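Asker:
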Amino acid sequence: MSDSASGGEPTTAAPRLVTTDPVSTAVVRGIVRTAELPDFFDSSFGTLSEVLATQGVAIVGPAFALYRRPPSSEATDLEVGFATDRPVRGDGTVVASSLPGGRTARVTHAGAFEGLVDSWRRLRSWLEEQDLTPGSTMWEVYVTEPSPEMDPRDLRTELNWPLAD
Numbered sequence: 000m001s002d003s004a005s006g007g008e009p010t011t012a013a014p015r016l017v018t019t020d021p022v023s024t025a026v027v028r029g030i031v032r033t034a035e036l037p038d039f040f041d042s043s044f045g046t047l048s049e050v051l052a053t054q055g056v057a058i059v060g061p062a063f064a065l066y067r068r069p070p071s072s073e074a075t076d077l078e079v080g081f082a083t084d085r086p087v088r089g090d091g092t093v094v095a096s097s098l099p100g101g102r103t104a105r106v107t108h109a110g111a112f113e114g115l116v117d118s119w120r121r122l123r124s125w126l127e128e129q130d131l132t133p134g135s136t137m138w139e140v141y142v143t144e145p146s147p148e149m150d151p152r153d154l155r156t157e158l159n160w161p162l163a164d
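46 is the number that numbering that gives the first Met the number 0 gives to position 47 of the sequence shown; each next residue is one higher, with no gaps.
(1) Using C-beta distances below 8 Å, list every residue in its chain close to S5, excluding the 5 sequence neighbours before and after it, in chain order.
(2) Under a three-way DSSP split, which group does S118 fall into?
(3) Going by CA-CA distance only, name the one from V116, W119, S72 and E49 that's closest to G80.
(4) Just verifying my parser: in three-state terms, what is the DSSP assignment at D84?
(5) Do V142 and V93 have their C-beta atoms closer together than 9 Å?
(6) Assuming A25 and T83 form a contact by the criterion Cβ under 8 Å, report the distance between their Cβ atoms to the nearest whole angstrom.
(7) Enumerated in chain order, which unbroken segments of the alpha helix (DSSP H) with a length of 4 residues or greater are wholly contained in the region 99-151?
(8) Could you check if S109 is buried or exposed, using at least 16 other CB atoms within 10 Å of its CB as the buried criterion?
(9) Do P86 and L77 count as a contact pair if the criterion is CB distance below 9 Å?
(10) Hey, could you find the ends of the beta strand (DSSP E) T18 is sitting in?
(11) Less than 9 Å between the C-beta atoms of L115 and N159, yes or no?
(12) Which same chain residues, not among the five before or five after A64, have their C-beta less than 6 Å away from its C-beta?
(13) Restricting to Cα atoms, I'd like to know which of G101, E127, P37 and L131 is closest to A74.
(14) In the DSSP output, what is P161 paired with across the bridge?
(15) Taking only three categories from DSSP, how would you classify A95?
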């Protein structure tokens with residue numbers, strides 16, 4: 000459930016702690032300049048779909064991006080991919096990986112992708128208020144598949160930040 004701010008703009012729901020299980024994934028990895036992220040996402044998802052179809056590996060969840068360290072204003076070290084029913088065989092830029100298991104802070108962002116930075120900041124503040132230490136990786140799950148004709152306020156993105164031990 001999300002709240003609405005004045006003007007009807009969606010906002011982020013309250014953060015919570017969950018326990019996640021490790022998940023097999025197929026990904027494309029990269030260190031990508033911020034301005035090049037949209038093209039990286041588009042080309043990666045296209046390549047992943049082709050390789051997974053060729054290998055008969057099933058996608059078992061929505062698209063995601065795992066940030067191998069917090070993004071900077073210049074470049075981002077990330078993996079873009081899908082949860083899969085089994086490990087993929089490496090093929091070109093596509094490799095097998097996984098999403099981590101363990102205690103994870105989670106919040107659902109409602110609205111356009113441009114608001115994700117503020118939602119990540121909100122999650123970090125919540126972790127600090129709870130006296131919890133975030134780990135070095137974090138990931139977004141794109142619950143709502145974007146399309147050119149949709150209203151960006153209808154997008155839902157799940158933010159996940161595993162806790163450091």
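We treat Cβ as the ideally placed atom computed from N, Cα and C, and that holds for glycine. In this text the structure is predicted, and so the values were computed from the model without any measurement.
Answerer: In short:
(1) Looking up residue 5 in the sequence shown gives position 6. Note that S5 scores a pLDDT of 32, beneath 50, so its modelled location is shaky and nothing firm can be said.
(2) What you label residue 118 is simply residue 119 of the sequence shown in a count that begins at 1. Reduced to three states, the DSSP call for S118 is helix.
(3) As a working mapping, residue 80 is identified with position 81 in the sequence shown. Ranking V116, W119, S72 and E49 by Cα distance to G80 puts E49 first.
(4) The residue labelled residue 84 in the question sits at position 85 within the sequence shown. Here DSSP, grouped into helix, strand and coil, assigns D84 to coil.
(5) Start at 1 with the first residue of the sequence shown, and residue 142 comes out as number 143. Start at 1 with the first residue of the sequence shown, and residue 93 comes out as number 94. Not in contact: V142 and V93 (Cβ atoms no closer than 9 Å).
(6) Numbered from its first residue, the sequence shown carries residue 25 at position 26. Numbered from its first residue, the sequence shown carries residue 83 at position 84. Between T83 and A25 the Cβ distance is about 5 Å, and since that is below 8 Å, they are a contact.
(7) 115-128
(8) Residue 109 sits at position 110 when you count from the first residue of the sequence shown. The identity of residue 109 in the sequence shown is Ala, whereas the question assumes Ser. Per the 10 Å Cβ criterion, buried.
(9) The residue given as residue 77 occupies position 78 in the sequence shown. The residue given as residue 86 occupies position 87 in the sequence shown. Against a cut-off of 9 Å, the Cβ pair of P86 and L77 comes out as no contact.
(10) If you number the sequence shown from 1, residue 18 lands on position 19. Per DSSP, T18 belongs to the beta strand (DSSP E) from R15 to T19.
(11) Mapped onto the sequence shown, residue 115 falls at position 116. Mapped onto the sequence shown, residue 159 falls at position 160. No; because the gap between Cβ atoms is not below 9 Å, this pair is not in contact.
(12) For this step, residue 64 is matched to residue 65 along the sequence shown. Hits under 6 Å: L77, V79 and E139.
(13) Here residue 74 refers to the residue found at position 75 of the sequence shown. Nearest C-alpha to A74: P37.
(14) Your numbering for residue 161 matches position 162 in the sequence shown. Its beta-bridge partners are T103.
(15) Taking the sequence shown and counting its residues from 1, the one referred to as residue 95 is at position 96. If DSSP states are grouped into helix, strand and coil, A95 belongs with the strands.
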